[in-house]
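First up is the structure itself, then whatever we jot down about it.
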Amino acid sequence: MGRSPCCEKEHTNKGAWTKEEDQRLIAYIRVNGEGCWRSLPKAAGLLRCGKSCRLRWMNYLRPDLKRGNFTDDEDELIIRLHSLLGNKWSLIAGQLPGRTDNEIKNYWNTHIKRKLLSRGMDPHTHRPLTPVDGAAASRPAHIAVPARAAPPTRRDEHGGAAVPRPEPRPVSGPAGCRHADLAPGLPLPP
DNA sequence: AATCTCAGCAACCGCGGGAAC
DNA sequence: CGTTCCCGCGGTTGCTGAGAT
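Going by numbering that gives the first Met the number 0, the first residue of the first sequence is number 0, and it counts up by one from there.
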């Protein structure tokens, strides 16, 4: 019943991606487009599970990714969307072209949380932390406000897995797979 | 100069929804 | 109609490098 036999998890690599793996994945998707992640690794000659390939492509290799510091506008938009949607990172990412849910999630946890706390706002409820005045006064002691200048350190190397960003290039749609792309966008409230 | 601490980020894990048999 | 499987999402982990001591 059901479908054909499923993904064998043995004989798959884990951890950081190598340049060669990246290039194989890019090359395959350039030709065949996104989608059918389960069969992709085998077809592309990768010893990875489809899930891992999808993640790598979506979060790092996609040509339309921005890969840079978030602007103040983006910050504010993320904060606003988070107050409306909660931790629906994929929905929030849908409103920020070139940004991924994983990137936004990481950015939220490392930067925006602190930003809100320094304003005296609860990052979860988006309400003032306590009735008492002053942001710093109400900040929990264990939560540090930007301890460092937080320079825009974008480690393009991670375990030697980084690869030069591929030049932007339209990718053909899912080749025969059922799922559609993420909905184009949510109507933003006034 | 060496060591320690912590921020930042890529990648993994587990689960739920929904489509394919 | 029930079962199986794929896809995508959110949460978490672990590694790396920069700053502090």
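Backbone N, C-alpha and C define an ideal beta-carbon position, used for all residues, glycine too.
- Residue 96 is positioned such that its CB atom lies no closer than 8 Å to that of residue 112.
- Taking residue 102 as reference, the option from 11, 25, 65 with the minimal CA-CA separation is 65.
- Exclusion of the five residues before and after residue 127 leaves 119, 120, 121, 137 as the residues of its chain whose Cβ lies within less than 8 Å of its Cβ.
- Counting the other Cβ atoms within 10 Å of the Cβ of residue 20 gives 16 or more, which makes it buried.
- Using a C-beta cut-off of 8 Å, the region 13 to 29 makes contact with the region 44 to 60, since at least three inter-stretch Cβ pairs fall below that distance.
- Ranking 117, 114, 81, 116 by CA distance to the CA of residue 100 puts 81 first.
- Here residue 52 has 24, 36, 39, 40, 43, 45 as same chain residues with Cβ atoms under 8 Å from its own Cβ, once five neighbours each way along the sequence are excluded.
- For residue 21, the uninterrupted alpha helix (DSSP H) segment begins and ends at 18 to 31.
- Boundaries of the alpha helix (DSSP H) harbouring residue 52: 49 to 55, taken from the DSSP string.
- Beta-bridge pairing by DSSP links residue 127 to 120.
- Taking the Cβ atoms as the reference, residue 84 lies roughly 6 Å from residue 91, within the contact range of under 8 Å.
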